[in-house]
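Structure first, commentary second.
Numbering (the numbering used here), first residue to last: 13 to 167.
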């Protein structure tokens, strides 16, 4: 085998031996938050990954409005349909450099998203990542396949 063909064969072998990694769109779809308190639809927009509330187990406090938002103009917006997973970028392994908005305290947190064993691991923190908290979300429906509303009797 001459030099260029050998190099091509080795490169192909090394690339195919790499462990399987999720594609950037692997997180698209609807996810149940920890304890199934809410469902979040993750979608792509302008090159980033975002998430919005699409269902709550119980009616949110304060009439479902974003009353703790630091922006007075947004305090009357409904939480249902509002983005709170904000502008994550896929680095080949995780979704990073985004923010998670917590409507319970009106704060934005740095965060990473990672798919592991079929769960979406959401880690948020202020300041130092090591001091953050991780929760796991469970997939309810893949992208393009809306879930049946809970309690609809389907299934």
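From the three backbone atoms N, C-alpha and C, an ideal C-beta is built for every residue, glycine too. The structure displayed is predicted, hence computed values, not measured ones.
Span separating the alpha-carbon of residue i from that of residue j
i: residue 125; j: residue 133; result: 6 Å
i: residue 39; j: residue 127; result: 7 Å
i: residue 90; j: residue 130; result: 30 Å
i: residue 87; j: residue 157; result: 31 Å
i: residue 58; j: residue 47; result: 31 Å
i: residue 75; j: residue 83; result: 18 Å
i: residue 122; j: residue 72; result: 24 Å
According to DSSP, residues forming a beta bridge with residue i
i: residue 52; result: 43, 65
i: residue 38; result: According to DSSP, which records beta bridges pairwise, residue 38 is partnered with nothing at all.
i: residue 90; result: 77
i: residue 60; result: 57
Beta strand (DSSP E) segment containing residue i, residue limits
i: residue 152; result: 145 to 154
i: residue 98; result: 95 to 102
Beta-carbon spacing of residue i, residue j below 8 Å
i: residue 109; j: residue 96; result: no
i: residue 65; j: residue 93; result: yes
i: residue 61; j: residue 107; result: yes
Just list the alpha helix (DSSP H) runs in the segment 111 to 140, keeping only unbroken ones of 4 residues or longer that don't cross its boundaries, in chain order.
-> As far as the segment 111 to 140 is concerned, it has no whole alpha helix (DSSP H) run of at least 4 residues.
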